[in-house]
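Protein chains in written order, with the numbering used here: chain A, 1 to 245; chain B, 1001 to 1254.
Backbone N, C-alpha and C fix where the C-beta goes; we use that ideal spot for every residue, glycine too.
Here the structure is a predicted model, which is why all the values come from computation and not from measurement.
Quick notes on the structure that follows.
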């Protein structure tokens, strides 16, 4: 029986050389180029929720999550001193709104809004994201309260705006009757009015979220604990002493 | 009936001996690897992201592999004049067509099972069961569409394109209708005609946008009535395509 292929020796030498050279050129070209990074300016305008839903081809849940992974890559390079600071927040909020409308039951967009995008040291941008969270919270308070609770703390400690923090804290009363909402969340006004520092408040909040089983996702738990450690470092006594000097 | 079953068995045997099983293994591997990757970069909802991405990829892979396999099989049969040879025996055209359809549908059901099982790692058994059963019906519909187009159109590329076009349009027609009737739609005659046209097209499409939903895996499984309504709608459309294929084959001069 004849074999299906002839030996390599049957291939003319110039074809083998051409194949090798083309492969080497391809690898060299790709290796020489800088790794692809998405800069802040690359973020395109947000599509409408209807367009995003149409583009998902009947898979809105998968499309919403993939869109979030894509969105969080913008301006997040490790070389960036303050990630996300250069983003156009108008566009960013448009994207978050479209993604949330594509899968309204996903907690990802508001989690990212509260824990990532609202934490940048730019008060105007942070305030815009917090207002987005506040608006979206009112559409589904039962599932979206953690984002607003965090926004209330940020409003007090990062923006130094107790009136705004109180407005958010009072809005959280809407979920007071819900069974799986911890008591501290519905009594956020006490956190805001009391002379409690940011670290204490964040510890109570994270502890409460963990105790109620609200954070089941290991990735989310790791991320929040890492954020808490960062906050502890930032507010450590030696740092505060240095700042006072 | 018995002859149709023999054709169906031969169709299954052909699928087993082709490269299809290896392609399914490759698709499963690729989907699970991508799901593992997205779980690494997701800040929250890692499990839900894995389930959603894997389910969307596996659903698309099952449908594409089945359509390509069906079209290639029918085209090869036509090129080798096997159909002319087979019909020279005491085998009616409907028996051949229904036998082939049953065989491809059985391949689709096996594909659906293979795609559903890995999802048990992230979703409830009820959700996975509903998703898997719905995918099996969806694959039957696709087998019916691919067989119809492959038998009716001379070129495999045209048959694959027609099947893919029907599938993609059926999956997005709900969103297209929502856009056409949305609050930003103008109240002009042209907009009204466009909306009517979109609604008219939707009448001739299967409700694939409400079938095999990822939401069943992430949130809650459908009620028995909801699932039954979807399965009945898919079965009716598969029956329509089978009747159209039988009609076309019966009229053709071979």
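Examine chain A for any beta-carbon lying closer than 7 Å to the beta-carbon of residue 1171 of chain B, and answer yes or no. The Cβ of residue 1171 of chain B sits closer than 7 Å to at least one Cβ of chain A.
Looking at residue 108 of chain A: is its Cβ nearer than 7 Å to the Cβ of residue 1044 of chain B? Residue 108 of chain A is a Cβ neighbour of residue 1044 of chain B, given a cutoff of 7 Å.
Between residue 167 of chain A and chain B, is the shortest Cβ-Cβ distance under 7 Å, so that the two count as touching? Chain B contact via Cβ: absent.
Under three-state DSSP, which class holds residue 116 of chain A? The answer is coil: DSSP assigns residue 116 of chain A none of H, G, I, E or B.
Would you say residue 6 of chain A reaches chain B, if we count a Cβ-Cβ gap shorter than 7 Å as a contact? Judged by the 7 Å Cβ criterion, residue 6 of chain A is not in contact with chain B.
On the criterion of 16 or more Cβ atoms from any shown chain inside 10 Å, does residue 1188 of chain B qualify as buried, or is it exposed? Counting of Cβ neighbours within 10 angstroms places residue 1188 of chain B among the exposed residues, the total staying below 16.
Any chance you could list the alpha helix (DSSP H) runs of at least 4 consecutive residues sitting entirely within the region 1158-1234 of chain B, in chain order? For the region 1158-1234 of chain B, the continuous alpha helix (DSSP H) assignments of 4+ residues that do not extend past its boundaries occur at 1189-1203, 1215-1218, in sequence order.
Host alpha helix (DSSP H) of residue 187 of chain A (start-end): Counting along the chain, residue 187 of chain A falls outside any alpha helix (DSSP H), and DSSP gives it neither H nor E.
Sort B:1118, B:1001, B:1113, B:1086 by Cα distance to residue 1140 of chain B and report the nearest one. Closest in C-alpha terms to residue 1140 of chain B, from the list B:1118, B:1001, B:1113, B:1086, comes B:1113.
Minimum Cβ-Cβ distance from residue 134 of chain A to chain B less than 7 Å: Chain B, which has no Cβ nearer than 7 Å to the Cβ of residue 134 of chain A, makes this no.
Assuming residue 1212 of chain B contacts residue 1134 of chain B (C-beta within less than 8 Å), just tell me the rounded distance between them. So it is a contact: roughly 4 Å between Cβ atoms.
Can we say the region 1010-1017 of chain B touches the region 26-34 of chain A, given the rule of at least three CB pairs closer than 8 Å? The region 1010-1017 of chain B is not in contact with the region 26-34 of chain A.
Cα-Cα, which of A:232, A:139, A:152 is closest to residue 130 of chain A? Selected option, being the one with the closest Cα: A:152.
In this structure, does DSSP put residue 1125 of chain B in helix, strand or coil? Three-state result, residue 1125 of chain B: helix.
Looking at C-beta atoms only, is the number of pairs between the region 1159-1169 of chain B and the region 1051-1068 of chain B that lie closer than 8 Å three or more? Inter-segment contact for the region 1159-1169 of chain B and the region 1051-1068 of chain B is present: three or more beta-carbon pairs are separated by less than 8 Å.
In the structure shown, what three-state DSSP assignment does residue 12 of chain A receive? The answer is coil: DSSP assigns residue 12 of chain A none of H, G, I, E or B.
Any beta carbon from chain A within less than 7 Å of residue 1117 of chain B's own beta carbon? With 7 Å as the cut-off, residue 1117 of chain B does not count as an interface residue toward chain A.
Chain B within 7 Å of residue 170 of chain A, Cβ atoms only: By this cut-off, residue 170 of chain A is not an interface position.
If you run the structure through DSSP and keep just helix, strand and coil, what is residue 106 of chain A? It is coil, neither helix nor strand.
Residue 181 of chain A, DSSP secondary structure in three states: Reduced to three states, the DSSP call for residue 181 of chain A is coil.
Could one say the Cβ of residue 89 of chain A lies closer than 7 Å to chain B's Cβ atoms, at least one of them? Answer no: the Cβ-Cβ gap between residue 89 of chain A and chain B never drops below 7 Å.
Relative to the alpha-carbon of residue 183 of chain A, which residue among A:193, A:168, A:204, A:197 has its alpha-carbon at the smallest distance? Nearest C-alpha to residue 183 of chain A: A:204.
Go ahead and label residue 140 of chain A buried or exposed: buried means 16 or more other beta carbons lie within 10 angstroms of its beta carbon, across all protein chains shown. Around the beta carbon of residue 140 of chain A, fewer than 16 other beta carbons lie within 10 angstroms, which makes this residue exposed.
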